[in-house]
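Quick note on my numbering: the sequence shown kicks off at 146 and runs consecutively.
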Amino acid sequence: MIQNSFLYLLLLFALATNYVEAACEKYGDGKSNCPKSSPCCYQGYCDSSAVFCILGNCRPGDSFSPESCWPKPHCSNIDSKFTDPSVLVNKRKFTGDVAKQIWWVDHGTFTADIKSGCTQPGVVSSFIVRNEFGDEIDFEWVGLDKTNVQTNYYYNDELDYTKMLASKPLGDSTDKFISYTIDWQPDSVSWYADNKLIRTVQRADTWSVAEGIYKFPDREAQLSFSIWDGGNTGAKGTMDWAGSPTPYDSDTVYSMYVKNIKIKCLYNGNDTYTHKNRGTSSSESPSSIKTPSSGSSSEKTTQTGSSNDDSSDSNNINIPTANNLEMATTSAGFKHGFASSLLVLIAVYFF
Numbered sequence: 146m147i148q149n150s151f152l153y154l155l156l157l158f159a160l161a162t163n164y165v166e167a168a169c170e171k172y173g174d175g176k177s178n179c180p181k182s183s184p185c186c187y188q189g190y191c192d193s194s195a196v197f198c199i200l201g202n203c204r205p206g207d208s209f210s211p212e213s214c215w216p217k218p219h220c221s222n223i224d225s226k227f228t229d230p231s232v233l234v235n236k237r238k239f240t241g242d243v244a245k246q247i248w249w250v251d252h253g254t255f256t257a258d259i260k261s262g263c264t265q266p267g268v269v270s271s272f273i274v275r276n277e278f279g280d281e282i283d284f285e286w287v288g289l290d291k292t293n294v295q296t297n298y299y300y301n302d303e304l305d306y307t308k309m310l311a312s313k314p315l316g317d318s319t320d321k322f323i324s325y326t327i328d329w330q331p332d333s334v335s336w337y338a339d340n341k342l343i344r345t346v347q348r349a350d351t352w353s354v355a356e357g358i359y360k361f362p363d364r365e366a367q368l369s370f371s372i373w374d375g376g377n378t379g380a381k382g383t384m385d386w387a388g389s390p391t392p393y394d395s396d397t398v399y400s401m402y403v404k405n406i407k408i409k410c411l412y413n414g415n416d417t418y419t420h421k422n423r424g425t426s427s428s429e430s431p432s433s434i435k436t437p438s439s440g441s442s443s444e445k446t447t448q449t450g451s452s453n454d455d456s457s458d459s460n461n462i463n464i465p466t467a468n469n470l471e472m473a474t475t476s477a478g479f480k481h482g483f484a485s486s487l488l489v490l491i492a493v494y495f496f
């Protein structure tokens with residue numbers, strides 16, 4: 146009996162020492178949750194705006210209540226050529242802060258005309274679809290070889306670099322705009338350059354016998370563009386991949402250019418929806434609950450082909466989707482001081 150009581154006290158002590166009080170650390174004394182007037186906690190601050198309250202940014206446990214955080218907004222169709230100068234960010238005033246659109250895409254076709262910033266070894270440019278769980282689909286350019294583009298995909302933050310595939314030469318990616326497309330469907334991902342298919346991955350081919358799941362990216366994600374220094378990271382594998390060292394002098398600026406972007410959603414394009422004001426999110430991927438189909442087709446790589454072109458009550462609120470947002474930059478650069486910064490080139494403008 147004494148031994149059992151002692152073990153019980155040890156358990157209580159362990160639970161007490163592992164308890165962390167919820168707090169939005171930069172609000173007030175740093176020991177309180179957000180107030181009702183600014184209910185959403187994001188990066189330690191409290192506010193009531195969409196950037197703070199959207200799930201993925203908002204921290205339910207540190208907000209006024211878990212219900213303060215909004216669900217993720219649906220994907221919206223976009224075709225923007227960045228022609229409105231009033232919503233553009235001057236790259237000379239850009240400080241390397243991360244700015245992303247806040248809506249999420251659940252499969253679709255994403256196209257951008259891009260001139261990479263990889264004019265020298267070490268400079269990496271990217272066009273990425275990624276979520277907080279580490280599912281990712283990407284295009285990447287490296288200064289070590291600026292004549293091709295590399296494609297890859299990840300599931301659940303498992304970094305398997307053996308899946309990277311470089312395209313055939315496309316010409317100098319830093320000298321001209323090339324149209325790049327990610328066609329993300331429930332059963333496949335295809336990558337295109339100038340409307341030519343360069344790679345397709347079938348979901349059926351990602352089945353893991355050992356784990357009993359498809360290792361295929363199929364959870365909602367966000368779209369981003371970035372330019373960063375891979376040549377001075379200190380990580381040998383990254384430096385060998387990107388080229389090293391990245392050359393700098395006092396006036397060096399590396400810039401990536403995005404001339405336009407087109408998003409065609411597979412689901413829920415251009416809608417505004419009513420939802421219950423509660424913060425719920427599922428970390429379970431549909432991949433983890435599916436079983437393999439009887440057939441399986443192998444991955445294809447080619448240079449030919451054409452592109453594919455609840456009831457309402459007082460607690461319900463309306464969330465604006467990307468109809469109310471506008472893209473806000475066409476280029477960004479980094480100097481040596483921001484060499485390790487991830488410079489995401491999509492910013493948000495609220496009307």
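Glycine included, every Cβ here is placed at the ideal spot set by N, Cα and C.
Would you kindly report the start and end of the unbroken beta strand (DSSP E) that includes W106?
What is shown of the chain runs 146 to 496, which leaves residue 106 out entirely.
| said: Quick check on the DSSP output: the alpha helix (DSSP H) that includes V196 runs from which residue to which? | reply: For the purposes of this step, residue 196 is taken as the residue at position 51 of the sequence shown. 195-198 is the extent of the alpha helix (DSSP H) around V196.
key: 8 Å contact criterion, which C214 and W248 should meet: CB distance rounded   = As a first step, residue 214 is located in the sequence shown; it is residue number 69 there, counting from the start. As a first step, residue 248 is located in the sequence shown; it is residue number 103 there, counting from the start. In fact, because the Cβ distance is near 15 Å, the residues do not count as touching under 8 Å.
**Request:** Write down every uninterrupted run of the beta strand (DSSP E) in the stretch 320-372 whose length is 3 residues or greater and which is fully enclosed by it, in chain order.
**Result:** With a minimum length of 3 residues, the continuous beta strand (DSSP E) runs that stay inside the stretch 320-372 are 323-330, 333-338, 341-347.
Flag this pair as yes or no: are the beta carbons of I406 and V250 separated by less than 8 Å? Here residue 406 is taken as the residue at index 261 of the sequence shown, counted from 1. Here residue 250 is taken as the residue at index 105 of the sequence shown, counted from 1. Judged by their CB atoms, I406 and V250 are not nearer to each other than the 8 Å cut-off.
Would I259 and I343 be called neighbours here (beta carbons separated by less than 8 Å)? Position 114 of the sequence shown, counting from 1, holds the residue named residue 259. Position 198 of the sequence shown, counting from 1, holds the residue named residue 343. Taking 8 Å as the Cβ cut-off, I259 and I343 do not qualify as a contacting pair.
Check: Could you give the residue range of the beta strand (DSSP E) that holds Q295?
Finding: Start at 1 with the first residue of the sequence shown, and residue 295 comes out as number 150. Boundaries of the beta strand (DSSP E) harbouring Q295: 290-299, taken from the DSSP string.
Kindly provide the ranges of any beta strand (DSSP E) runs that are 3 or more residues long and lie completely inside the stretch 200-227, ordered along the chain. The beta strand (DSSP E) runs lying completely inside the stretch 200-227 and spanning 3 residues or more are 223-225, given in chain order.
Q.
Using only the alpha-carbon positions, how far apart do G262 and E281 sit?
A. Along the sequence shown, read from residue 1 onward, the residue named residue 262 stands at position 117. Along the sequence shown, read from residue 1 onward, the residue named residue 281 stands at position 136. C-alpha separation (whole angstroms): 21 Å.
*asked:* Here's the rule: buried if 16 or more other CB atoms are within 10 angstroms of the residue's CB, otherwise exposed. What is D207?
replied: Within the sequence shown, numbered from 1, the residue matching residue 207 stands at position 62. Buried, since its Cβ has 16 or more Cβ neighbours within 10 Å.
Is it true that the stretch 369-376 meets the stretch 384-402, where meeting means three or more beta-carbon pairs spaced less than 8 Å apart?
-> Yes, the stretch 369-376 touches the stretch 384-402.
Worksheet item: In three-state DSSP terms, what is Y399?
Response: Locating residue 399 in the sequence shown gives position 254, where the first residue counts as 1. DSSP places Y399 within a strand segment (E or B) once states are collapsed to three.
Problem set entry | Classification of D96 by the beta-carbon crowding that lies within 10 angstroms, buried from 16 upward | Coverage of the chain is limited to positions 146 through 496, which leaves residue 96 absent and any answer about it impossible.
Q | Where K308 sits in the DSSP three-state scheme | A | Sequence index remark: in the sequence shown, residue 308 carries index 163 (1-based). DSSP places K308 in helix when its eight states are reduced to three.
Worksheet entry | Distance between T351 and L289 (C-alpha atoms, nearest Å) | Residue 289 sits at position 144 when you count from the first residue of the sequence shown. Residue 351 sits at position 206 when you count from the first residue of the sequence shown. Between L289 and T351, the C-alpha separation is close to 30 Å.
So what does C186 bridge to, in DSSP terms? Here residue 186 is taken as the residue at index 41 of the sequence shown, counted from 1. Beta bridge pairing from DSSP links C186 with C191.
Checklist entry - CB D328 to CB R348, shorter than 8 Å? => result Translated into the one-based positions of the sequence shown, residue 328 becomes position 183. Translated into the one-based positions of the sequence shown, residue 348 becomes position 203. Here D328 is not near R348, since their CB atoms are 8 Å or more apart.
- Query: Terminal residues of the continuous beta strand (DSSP E) containing V250?
  - Reply: Position 105 of the sequence shown holds residue 250. Looking at the DSSP string, V250 is not in any beta strand (DSSP E), and its letter there is neither H nor E.
Quiz item: When you compare only the Cα positions, how much space is there between G189 and I273?
Solution: Translated into the one-based positions of the sequence shown, residue 189 becomes position 44. Translated into the one-based positions of the sequence shown, residue 273 becomes position 128. Those two C-alpha atoms are separated by around 26 Å.
Does the Cβ-Cβ distance between S345 and F255 come in under 8 Å?
As a working mapping, residue 345 is identified with position 200 in the sequence shown. As a working mapping, residue 255 is identified with position 110 in the sequence shown. Reading off the sequence, residue 345 comes out as Thr, not Ser. No, they are not a contact pair.
Count the other CB atoms, across all protein chains shown, that sit within 10 Å of the CB of M309; report buried if there are 16 or more and exposed otherwise. Here residue 309 refers to the residue found at position 164 when the sequence shown is read from its first residue. By the 10 Å Cβ count, M309 comes out exposed.
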